[in-house]
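For the sequence shown, position 67 (counting from the first letter as 1) is numbered 67 according to UniProt numbering, and the numbering increases by one without interruption.
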Amino acid sequence: NVVEDEDAEDPAAEESDNDEEAESEGGELAPAGNTAVATAKKKEPTDRTDDPVRMYLREMGSVELLSREGEIAIAKRIEAGRETMIAGLCESPLTFQALIIWRDELNEGTTLLREIIDLETTYSGPEAKAAPQFQSPEKIEADRKAAEEKEKTRRVRSSEDDITNVGGDMQMPEEEEEDEDESNLSLAAMEAELRPQVMETLDLIADTYKKLRKLQDQQVEARLACAGTLSSGQERRYKELKDQ
């Protein structure tokens, strides 16, 4: 009996010890389980951030990488959009009329090539880089004259009195004029080199449009006469001209 009483007192002592440990400093009881849950909640880091870089990286990390099939699908969509755009332009006579007017103005010299196209983009584009680089005789002669003028100006400046060139303040406008002349010279050289290619393209567009316009007129007449549309051969020819 004595042994059984001692064994019964041990669980009671352990329960009292746990109750004492659960008491707070103010003497109030606090459940040990709830305290552990609250501590765990405080340790959880927050996922919200206002940093744009982190937000961008998080968003990009959730996006799937583009596969080979996805690249092919995007390329097909781009090509289809390009064909749709060209088809829409071919249906508008005003587009071709504007191109023909530009060609005539270039032939007459009333319009500069830089007013129609972006010279720098056309000159340094991917197709231009693939083409062989060569210098036209006009460009070579213009570069030679520019070099001679620059050397002549340098000699004149070196022979002037140092008093008239104190600080070099009077040379600023001349240097700006030289930079502007060099810029105009480069534009003129690019125009001279790109003009034959642009004129050839405009001539091809004008010749193709004459044939296309004839088929368009026939198509309109067929629809007005309730005859349906063009024949299979005319439709095939119409598509070929649009592709050109």
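Don't be surprised by glycine CBs; every beta carbon is placed ideally from N, CA and C.
Owing to the predicted nature of the structure, the values given are computational and were not obtained by experimental measurement.
Would you mind working out which of the options sits nearest residue i, comparing C-alpha positions?
i    : options                : result
L99  : A189, V220, M199, A222 : M199
A188 : D203, L215, A146, Q216 : A146
E193 : R114, I78, G61, K214   : R114
T111 : E191, G88, E59, P52    : E191
S186 : E59, Y123, L212        : Y123
L204 : R103, E148, R48        : R103
A87  : L212, E108, S232, D217 : L212
G109 : R195, E71, E59, E151   : R195
Helix, strand or coil, according to DSSP, for residue i in the structure here?
i    : result
D51  : coil
S232 : helix
P132 : At P132 the pLDDT is 39, less than 50, meaning the model places this residue with poor confidence and gives no usable figure here.
A91  : The question names Ala, yet the displayed sequence has Glu at residue 91. Looking at E91 - three-state DSSP - the assignment turns out to be coil, as it is neither helix nor strand.
E71  : helix
S186 : helix
K239 : helix
E191 : helix
L29  : The predicted position of L29 is uncertain, since its pLDDT is 47 and thus under 50; a value taken from the coordinates is nonetheless stated next. Here L29 sits in strand by DSSP.
G61  : helix
L204 : helix
T122 : helix
G109 : coil
I78  : helix
L66  : coil
K100 : The question names Lys, yet the displayed sequence has Ile at residue 100. Three-state DSSP puts I100 in a helix.
Do residue i and residue j have their C-beta atoms within less than 9 Å of each other?
i    : j   : result
L202 : L94 : no
L66  : I78 : no
So, do the region 205 to 223 and the region 116 to 123 have three or more beta carbon pairs nearer to each other than 8 Å?
Contact fails: fewer than three Cβ-Cβ distances are below 8 Å.
Can at least three beta-carbon pairs, one atom from the region 204 to 214 and one from the region 80 to 87, be found at a separation below 8 Å?
As far as the Cβ criterion goes, the region 204 to 214 does not touch the region 80 to 87, which means the pair count is below three.
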